[in-house]
Structure formats: structure tokens, C-alpha cells
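Residues 240 to 1018 in this note's numbering are what the sequence shown spells out, letter by letter.
Okay, so here's the structure we're looking at.
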Amino acid sequence: MEDFQQILFSVPYINSHTFDRDVAYFVHNLYEMEWTRFDIDLSNLICVGSRYGGALALTKDPQKEVNNASYWQDSIIRIFSNSGAPLGNIQPSQENSVLGFGWTDDERIVLLLSDGEIQQYTALGELILTSPADPTVKKEKIYDYKIWGSGVIVLTKKNSLFHIPQFENQNIERIEVPKQVQLVTALAVIEERFTYAYEPIIILATSDQKMYIFYDGECIVKDVGEVAEQIIISPSGKFIAYYTSKKKLNVITNNFEKSLVSITLNSNERPSQIEWCSNDSVLLYMKDMGELIMVGPVNDPLRFPYESIYILSEIDGIRIISNKKCQFLSKIQKSTMNIFRLTSSHASSNLYQANESYKEQNSNIHDTLINLESDLNEAIAECLDAVKYEFNLEIQKNLIESVNLGKNYSNTFNNEKFLQVCKNLRVLNALRKSEYGIPLTYKQLEELEIDLIIERLINRKLFFLANEICQYLGIVKERILLKWACEKLKSNEESKRKIESIRNKIGKNNSISYATIATFAWQTNQKKLALQLLQYENKPHLKISLLLEMDELHIALEQAIKSGDVSSIYLVLFYVLTENSDKEDKSNEGNLKLIELVKDKPIAILLLKKYCSLYNPELFISILQKLELNTEHALHLFNNGLQITDINERKQILKNSLQQLAKSKNKFIRNQIEYNNLLLDYQQEYEKKINDSFVALTVNETLKKLILHNEFSKANTFKNKFNISKEKFNYLSIKILQKNKKWDELETFAKKYKSPQTFSLLKHIFTENGMTDRARKYD
């Protein structure tokens, strides 16, 4: 345990409670409870509070009669702030009773139902999530459970143990329990944030005086010599307190190796509650005795007279909730003691007194501060530390003034730290106001961190306060505005007013997504409003994604085209394609739907054709047909025909392409196809008469092959039919025969097609190849 320090007896802390000269505690009065108007009596109610100054959930004790019975009918759970202001209600189903409830770290209330179902609600009583029961848990029935900030442990009546992390039973983990485990008398959990493996440590106490420790897949058994009836883990996870059947309270380290406290309580009453006060002491509430007993590491216990209270452990103290008050009991810090102890001679006490004298315009304070010079920084630091633990605004003010006064005489004190403490105090004081009832301490603020505090405020719909805190601390506040906007959509105002309010508050803030707000509108059956909100979204992909989800395909495609972003257009096209391919019925209806979508949008048609021509030929043909793109359809058939070697099939495809062109006025393409049909006829004829293949060759290639076969007559006819010039024909013929060294055929060709150019070319060829005799013939 922590070492206890010094004691103090001061005017502000005149009512402090002391163990001995080293330890003192003080009860801070935080709120007068507003719930007195509802005739609240905690002695007949079950109360469960959220840590870190969180809300309180109350329901009637089924074993007792309650005041104002109509207020507690049907097992209703009522939620209050720490000032007793009502926040909301939860009305559980009558079909499935509530076994117990607890709170998450972000202040959501978790209900565990008798069949194992888990429900999550906000602090205002709004349902967030329902997780169905695990079949084994439902079958075996729940014997015991433990709910903490980030999970649930459930023990069934057949000793089956289940861990449900993050309250999602989809990730439920079954933990093997040894068969020798006898009747379980107590269950506790050391939270995962305190362990190396980030796994919770589960402790089961049994009737045979043992404790079973489950951690990271292992089970360790400890014989503790007594039957533990209640086990309580300290806020740091370092210490374990357990109350036994022999009316004894034991405190040990979490490794079970060292005993720190063992005390027998002279009372036949079993404590109705046992909680830690920070990590320093343990409190036991004896309900019948009307007494709160504090057990520390030294001397006799302290006793506080209390009737009808609920106590809630915090990392730096304990909250005490009674019918009329909310209080906070905590250990008085060393810095506070040094300042306020009556006989204190510490520099911080002198600085505080100097400030009091300064306010009374005492002229001797200058000498006092000069005398503190060597200890001045320490005095300032202690006053600054002490103010962190103050709830009293007047004392806060005096301590801050003392720091300010001391700073004027110091050249080395870190002013940044002072400013940060002042900022945090201002936030804390705002949260502590009775209208919010969040008595967060400085230490809790540091541990919880501002982001989670803002999340809690948002969940309570305290948007204005959350926004003010973010603005003051310079924190991004977009998520607050986003949640506020979604909440605004729930109001009964007409749509126009809702949009105006949202636009006025958010404006053109690029970091806030109107698509997110519109999604919420869509999910709450406000489709028209969602479409209006989407007009203000400046990120096309977010806008288009939601439009597709809403089945507004035409608007989505129009917005994609308007954005000029090809990927956004394809997003819409692929969405419709995928939607069709996922259907069990693979009819053509989906393709028709897509074609209808793009028919009057040239860019979309172009991109869709490009994709389909490569990856979906069947749809490509459908597009060409349905959109009556006859010329393009003919060209597609024509190009496909050119790739086919079977002459009859090729002719049929070319014929089909001509039929498509009959509906078109494009004479050029028709001529080209007819030209290819004519070429095909000649090639088919040549294949019959010449033992070689001609189909699929170009005009030039066909001509070359005829020349190679010495079919000059056919080549000449072919030349004339396809309008090949005489010069080109002569040149090609000579070059082909030269390349194949057909010298005799060259001379034959020259005799047949006489011309000066032919003779000149032949003379050059023969001379170049060393055939001078032949060359002379063409002089």
C-alpha cells in the first residue's frame, strides 16, 4: 500500500478524521440531492454508480417495500446525476428480468438479463445495443457475474465461466474451470488494463477455503485458509481485500504473497458493501448498525455514522451517496497538510498566509516573501498542488492567488504548469456544477483524459458544455457538432428548420461530413431530408455511396458525372453490376436496369462500353443493341470477324455486320465491310485453286503470295480489282522475287510488264548481285 504521510489540523479541514499523526481523511460535501422531491430512500433501493464522477442507476430492491411505489413500478431503472437530478429511465422487458447492471468507462449502463442477454443504454436511458444470450449461458442459468468498465464475467450454475469483452457476445470466451472447483462463494476481476497480457485476471473463491486465479489461459490455486464471502480489488489493481465467513477483513497483494492487513470485526452483521477508498484504505458499510467503518494500515478503524448510503470507489477516494447528500471522502494530501496545519511552518503555509495578509493590505508581506526566497519555488509548487484537490471554490481562489503572488517574486517558476492547472480547474468546476452533477477530481481527469470526458458529455447530450470545453482547451470539436446535428434530426421541427439550424451551426466546415448526418436521417426514415442534406456534402464519393445505399441510382450517377471523377462514375456502374450479379435470379433484368440508367448520359455510356468490351462481352452487345448503336455494333462484329479463320463463320459475321449497317447512314463503314467481303471471296477462290492459305491476309499480303506462286495473271486481276497502282504492283513484284532470289521469274516478269522504270530497277538488282550478263540486257 501507499505510505501514509503527515497529519493536519486546519480551519478549512477542522472536521478531518485521523488514524494517527500520519494519516487524515476529509469528507467533502458536494451536493444536496435534488431527488428528495421523489422521496428517495436508498435503504430500499439497489444503487449502482459509474466511476469517475459518473451517473447513478437506481431500481427497487425486490425484497423490500419502497416509498412512492408508483415511481418504482415494473422494476424501472431510474438514472440520476450525482446532484440527484433525473437523467433518464430504463423500462426492462417483463419477459426477461434484469439480473444486474453496471457501467462502462464511457458511462454506458450495461444490463445483464437472467437468460444472459446483454443490453447497453446511454446515461439518458436510450438503448444502444442488444447482444443475444450465449446458448450455454441460457441453458445453464447464471449463478454469479461481474460487470466492469470494459467487460462482463459470467459464472453459470454448472460452473461454466465466460468472459465477454467489450460487452459483445460475438467474441465470447469460455474459460475452462477445473472439475474440483466446489461451491463458488465470491467472484472478482482484476481489470485487463492492470495486467501484462492485457487479459483480465478472474478470481473465484470457493467453500473449501481456496481461491482459483484464471489468467492468460492458466489456472492457479491458492489456499487462503478461510472462506471468502466478498472480494474487492483496489482501483490500482495492486491489492485485494476479502471478507471471510469468520468476520475478518484481509488485505493482500495481488500476487497473494504478502499480507498487509488482517482484522476481525466485532460484529455479527455482514457488510452490505465493501469498497476501497483510493488504494489506501477499505470501507465497510454496516447497514443495520448505521456505520461506515474505515480500515487502514495502522491503528484502529475509523467509524462514521451513516444511514442508508451507497458507496462507490474512486481512484483517489470514495463517493458517499445518501438520501440527502453526495459526499467525497479522500485522504488529505501532503501539500494540503503543509499549508493548512495550524502549527505548520512550511514555506507553502507562509506563502498562503502572506497572500491573506496581502488581501488585508498588510505592508509586511514583502519581507515575508523575501525571507522565503530559497524555498519560494517549493512553496508555489505546493500551493499549486494543493489546489488540485480542492472542491471549495473560495479555497481554490485563495490558493491560486497565493501562487500568483509567489510567481511575482520568482524568476524560475514554470508558468506553463500553472496555466495548465488553471485550465483544468476551470473545466472541473464547470463539470461540478449541480446542473451537471459530475464531481470529477483532478486525478480522475488526468486518468480518464479529456477525450473520454467529452464522449460522456456527448452521450448525455450536453453539447453546449462539451463544445465550450473543447473551444476553451483548443480541442477539435467536430464530433460534438456531428452528434448535435444527428440529435437535431430527432426533433419534431419541420425539415426546413432542421436544415437551417444545422447549416447555421456547421456552415461550410470541411471537416464535418454532411453525408454522415444524412446517413443518420436516412436510418431514421427521413429520406427526403437526407437527400436535402447531401446537397451540402463536398466529397463526391461520400455523397454517391449514400445515394447508392438509398437506391437513388439516377441521382448518384448524375452527381458522379457532375464531379468529373471517373472512379465515382465507375463506383455507380459497378454497384449496379454487382447488385445484379449477387441476385440468385440471373435474368437480364439487371442489365436492362443498367442500360436504362446510362442511356441519356454519354460519358457513362462511354465508360461502361469500355469496361464491358474488355470484361463483359455479352453486356457490351446488349448495350449496343438496346441503345441502337448500329454503326458501333457493325464495327464490333466486323472486328470480331477479322479474328476468325473459319471462312464460312467469318462470312456470316460480316453479313451480320452489314445487316446492322442497313439501319445506319454510314457509307464509309459499309464500303469497308463490303470491301472485306470481296477480299474474302477472292481469298476463298485462291485457296481452292492454289495449295496455300489466303483467308485472314491483308490485300498486300494476298498480292505477295500470288506473286510468290507465279500467279501473275491472277495477281494482275487482283491488282485491278482492288485498285492497286501499276507502279506499286511492279515494285512489289520485283522486290518479292528479288527477296526470294527468283531471278528467272524476274526476267519473265520484265518481259511481260515492260517499262523504263522496271528495266532500270532490274539492272541495278542484277549488278548488285554480281549477275552482269543479266544486267547488260537492260542497258
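Heads up, the beta-carbon is just placed ideally off N, CA and C, and yes, glycines get one too.
- In the DSSP assignment, asparagine 969 falls outside any beta strand (DSSP E) and lies within the alpha helix (DSSP H) extending over 965-978.
- Apart from sequence neighbours up to five positions away, the residues of its chain that approach leucine 787 with a beta-carbon distance below 8 Å are Ala795, Leu810, Val811, Tyr814, ordered along the chain.
- Here the C-alpha atom of asparagine 410 lies approximately 10 Å from the C-alpha atom of phenylalanine 401.
- Nearest neighbour of asparagine 631 by Cα position, chosen from Gly288, Ala620, Arg671, turns out to be Arg671.
- Rounded to the nearest angstrom, the Cβ distance from asparagine 283 to asparagine 306 is 7 Å, consistent with a contact under 8 Å.
- Looking at Asp447, Glu717, Thr997, Tyr291, the one whose alpha-carbon comes closest to that of glutamate 966 is Thr997.
- DSSP places lysine 700 outside any alpha helix (DSSP H), giving it a letter other than H or E.
- Counting of Cβ neighbours within 10 angstroms places serine 972 among the buried residues, the total reaching 16 or more.
- In the three-state reduction of the DSSP assignment, asparagine 594 falls in the helix class.
- In the structure shown, aspartate 462 falls within a strand segment according to DSSP collapsed to helix, strand and coil.
- Glycine 355 counts as buried, since no fewer than 16 other beta carbons sit within 10 angstroms of its beta carbon.
- Beta-bridge partners of isoleucine 550 (DSSP): Ile559.
- Contact annotation, threonine 424 with glutamate 468: C-beta distance approximately 6 Å; criterion of less than 8 Å satisfied.
- Separation of the CB atoms of tyrosine 454 and glutamate 438 is rounded to 6 Å, and the pair is thereby assigned contact status at 8 Å.
- Per DSSP, the beta bridge partners of tyrosine 384 are Val393.
- Here serine 740 really is in contact with lysine 727; their C-beta atoms are around 6 Å apart, less than 8 Å.
- When Ile963, Ser999, Asn930, Asn962 are compared, the shortest CA-CA separation from asparagine 949 is found for Asn930.
- Ranking Leu295, Ala296, Ser314 by CA distance to the CA of glutamate 304 puts Ser314 first.
- Taking 8 Å as the cut-off, the Cβ atoms of asparagine 493 and isoleucine 513 do not count as close.
- For histidine 267, the closest alpha carbon among the candidates Leu945, Ser673, Asp804, Tyr628 is that of Tyr628.
- An exposed status is given to histidine 793, since fewer than 16 other beta-carbon atoms sit within 10 Å of its beta-carbon.
- Separation of the CB atoms of leucine 720 and alanine 754 is rounded to 14 Å, and the pair is thereby denied contact status at 8 Å.
- For arginine 1015, the enclosing alpha helix (DSSP H) stretches over residues 1011-1015.
- About 6 Å separates the beta carbon of cysteine 516 from that of leucine 568, a gap short enough to meet the 8 Å contact definition.
- Of the residues Gln600, Glu791, Ile386, the one whose Cα lies closest to the Cα of isoleucine 429 is Ile386.
- Between the alpha carbons of glutamate 334 and glutamate 346 lies a distance of about 26 Å.
- Residue pairing by DSSP places phenylalanine 478 opposite Thr492 in a beta bridge.
- In this structure, the beta-carbon distance from glycine 292 to asparagine 321 falls below 8 Å.
- With 16 or more neighbouring CB atoms inside 10 Å of its own CB, arginine 558 falls in the buried class.
- Asparagine 328 sits close to glycine 364, with the two beta carbons spaced by under 8 Å.
- Contact between phenylalanine 406 and serine 353 fails: their C-beta atoms lie close to 17 Å from each other, not under 8 Å.
- In the three-state scheme derived from DSSP, where H, G and I count as helix and E and B as strand, alanine 436 is classed as coil.
- By the Cβ neighbour-count rule, glutamine 922 is buried, with 16 or more other Cβ atoms within 10 Å of its own.
- Within a 10 Å sphere around the beta-carbon of glycine 713 sit fewer than 16 other beta-carbons, which makes this residue exposed.
- For serine 673, the closest alpha carbon among the candidates Asn1008, Leu269, Phe265 is that of Leu269.
- With fewer than 16 neighbouring CB atoms inside 10 Å of its own CB, isoleucine 459 falls in the exposed class.
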